[in-house]
Every structure is written in structure tokens, then in C-alpha cells.
Amino acid sequence: MGVNLTDLREVLQSVLSQSELNFLPRRFKRIGHVVILELPAALQGRAQEIALKLMEFTGAKTVALRTGRITGRFREPQLKVIAGDPNTETIHRENGCQFKLDVAKVMFSTGNAYERRRIAELVSPGEVVVDLFAGVGQFSIPIAAHARPSRVYSIEMNQAAFSYLLENIRINKVGHIVKPLLGDCSEVAPRGVADRVIMGIIHVTPRYLTLAMEVLKPEGGIIHYHETVPSRLRFQRPAERILQAAGKRKVEIINQRVVKRYSPGVDHVVIDARIGPKE
Ligand SMILES: C[S@@+](CC[C@H](N)C(=O)[O-])C[C@H]1O[C@@H](n2cnc3c(N)ncnc32)[C@H](O)[C@@H]1O
202 MGVNLTDLRE VLQSVLSQSE LNFLPRRFKR IGHVVILELP AALQGRAQEI ALKLMEFTGA
262 KTVALRTGRI TGRFREPQLK VIAGDPNTET IHRENGCQFK LDVAKVMFST GNAYERRRIA
322 ELVSPGEVVV DLFAGVGQFS IPIAAHARPS RVYSIEMNQA AFSYLLENIR INKVGHIVKP
382 LLGDCSEVAP RGVADRVIMG IIHVTPRYLT LAMEVLKPEG GIIHYHETVP SRLRFQRPAE
442 RILQAAGKRK VEIINQRVVK RYSPGVDHVV IDARIGPKE
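Here the numbering used here is used: the first residue of the sequence shown is 202, the next is one more, and so on.
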């Protein structure tokens with residue numbers, strides 16, 4: 202849940218000067234009971250006062266300051282609690298599901314909520330879905346809870362995220378559908394089984410396109426391919442990469458959309474591509 206800028210500016214008028222107010226970010230991120238603050242250098246010295254006002258305004262129990270970008274293979278956040286309860290383990294509700302996670306240990310992008318609902322709505326009864334980068338179950342859990350797939354394989358190689366994935370399967374009561382697999386998807390993903398493959402990661406996704414083709418059933422299926430792309434190449438570069446990985450298999454781009462702006466001039470996009478049968 203984001204906090205509306207106009208309201209926040211009103212709330213912070215009592216603690217910030219007019220020029221400081223101009224540096225306020227558009228939105229703050231909220232995951233469960235934790236608000237995550239991302240402040241420009243000009244406001245770092247006022248973080249504490251902003252945090253206390255935010256707690257008062259939003260009812261959040263904890264405010265954590267982002268101290269660096271989400272990094273590494275495990276996409277780990279860099280946060281420091283600056284106000285309230287030091288406990289960063291929380292339960293976040295999204296699309297009618299519950300996600301337990303420690304926001305200081307594993308990432309959860311609230312900006313992808315619509316995308317996760319969209320995918321759950323696309324899944325037909327009986328489908329086999331493979332979620333190659335499952336995280337804490339952001340895609341797998343709503344698919345299992347709201348669609349009627351026969352099986353969702355959820356692959357995650359970070360032990361911390363995997364433990365929460367197991368917990369979230371349990372609390373959302375989808376253990377009869379979701380099969381969690383711990384490990385690197387290039388090693389543990391089942392081959393030749395999927396009607397649909399979800400590639401919910403950025404930066405490294407192109408490296409796993411060949412794997413996605415192998416994971417699909419021989420008769421073909423759909424991949425959801427995420428990538429961060431300079432805006433001018435928005436849909437062209439990902440489509441070219443999919444075509445190349447598919448080799449002789451037929452490719453039909455059935456949807457393409459911007460999930461969110463990643464950074465100035467760079468978009469996070471997703472391409473839905475139907476891949477034809479193996480020859
Ligand atoms: C950015 S998170 C995204 C989670 C979810 N797919 C989403 O889009 O909201 C990506 C997750 O993929 C995991 N991961 C990265 N490389 C992986 C690999 N080769 N095999 C399995 N999991 C991987 C990371 O540990 C991280 O938890």
C-alpha cells in the first residue's frame with residue numbers, strides 16, 4: 202500500500218521546511234506492519250522525524266529506511282529500522298492471500314500486485330504451472346488459491362525465502378497444489394511438464410529463457426518473461442530474445458505490458474508469449 206503524497210505533505214508540513222517538502226518521494230511502500238522509507242540525500246537528516254510522523258499517520262508499527270538497492274542473486278533488501286518495533290517479520294495481505302516474510306531479509310515488490318492478480322486470472326483449470334523464481338510465493342500462492350491448476354512447481358534457491366514460501370503454502374492452505382523445490386531452477390526445475398512458466402525476476406532473466414523452453418511441455422505453452430529494458434527498446438528487445446531462445450518453435454506474442462518504471466528511462470516489462478510445439 203502506498204501513502205498518498207498530497208496527504209503526506211500535509212502531515213509533514215509541521216516538521217519539514219517548504220524546500221524539504223519538495224524532496225519528498227511520491228510514495229512510501231508498506232508491507233504488513235512495516236513502512237519502508239526511501240529518502241533522497243537532502244532528507245536523510247530528517248528521517249527520524251519523518252518516520253515518527255509516518256507511524257502516527259499510517260498506523261504502521263515499524264519504519265525502516267532503505268540504505269541501498271536490492272542486490273545480488275537472492276535480491277536481498279538493505280534496510281535499517283529507524284522507528285518503532287524492531288521486528289521486521291510481518292504478514293502482508295495482497296489479492297486475498299497472506300504472505301509472511303521478513304522485509305529485512307527477502308524482497309517483496311508491492312508495485313507488482315496487479316501483475317500477480319493478472320496472471321492468477323489467466324490460469325485455466327488443470328494447468329501445470331512452473332514458477333522458476335518463486336520468492337515467498339508471490340505468484341504461486343494466488344494462482345493456487347484463486348485458479349484451479351493441477352500443480353504449481355515453486356522453485357526458490359534462497360533458504361530464507363524458501364522457508365517463508367513453505368510457511369505461506371501452509372497458511373494459505375494450498376499444499377495440495379503447490380510443490381516447493383529448493384535449489385537453482387536451472388538444476389531442479391522439472392523438464393517437459395509446464396503449460397505455463399513464470400519468469401518473475403529481472404536482470405538475469407535472459408539467461409533462463411532456454412531453460413523455460415525446456416520446462417514447457419513438448420506440445421508448447423505460455424511463458425511470462427520479465428525484463429528491465431531501456432524505454433526505447435521496451436518490447437522489441439525482449440521479443441527478440443524470446444524468438445532467439447525458441448529456435449524453430451513458433452512464437453506468438455499474446456500480450457506485452459509495462460509492469461512499472463524501474464528507473465529513469467528504464468522500464469520493467471512483461472511479455473506473454475505462446476510457444477509452439479517442439480518439432
Ligand atoms: C525478485 S524475487 C521475485 C519473487 C517473485 N517471482 C515476484 O516477482 O514477486 C526473485 C527470487 O528468485 C530467487 N532466485 C534467483 N535466482 C534463482 C535461481 N537461479 N533459481 C531459483 N531461484 C532463484 C531469488 O532468491 C529471489 O527470491
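Built from N, CA and C at the ideal position, the CB exists for glycine as well.
Whole-number beta carbon distance between residue j and residue i, since they are thought to touch under 8 Å
i	j	result
A321	H293	Contact flag wrong, Cβ pair sits at about 16 Å.
T289	V282	6 Å
L382	Y354	6 Å
V467	V430	7 Å
A362	V337	6 Å
Reduced DSSP secondary structure (H/G/I, E/B, other) of residue i
i	result
G285	strand
L434	helix
S351	coil
K230	strand
I292	strand
A248	helix
A261	coil
G422	strand
I342	helix
L333	coil
E322	helix
V405	coil
Q279	strand
N223	coil
L209	helix
E441	helix
V274	In the sequence under discussion, the amino acid at residue 274 is Arg, which differs from the Val named in the question. Three-state DSSP puts R274 in coil, outside helix and strand.
F300	strand
S364	helix
A305	coil
Beta-carbon gap between residue i and residue j smaller than 8 Å
i	j	result
K301	E368	yes
L213	L225	yes
M400	T406	yes
H377	H427	no
R352	V329	yes
L240	L280	no
L417	I476	yes
R231	A252	no
Separation of residue j from residue i, as counted between CA atoms
i	j	result
F436	G422	20 Å
R450	V264	49 Å
A345	I424	17 Å
P391	S325	20 Å
G269	M358	22 Å
K306	E277	6 Å
Q457	I356	24 Å
D303	L412	30 Å
P478	N373	34 Å
L410	E453	15 Å
P419	A395	9 Å
Y463	Y315	16 Å
H404	F275	12 Å
S218	A474	50 Å
A447	V235	42 Å
A243	L444	45 Å
P343	N296	7 Å
I370	R442	33 Å
I455	L323	12 Å
Cutoff 8 Å: residue i Cβ touching any chain B Cβ
i	result
L238	Although the question refers to chain B, the structure presented lacks it and comprises just one protein chain.
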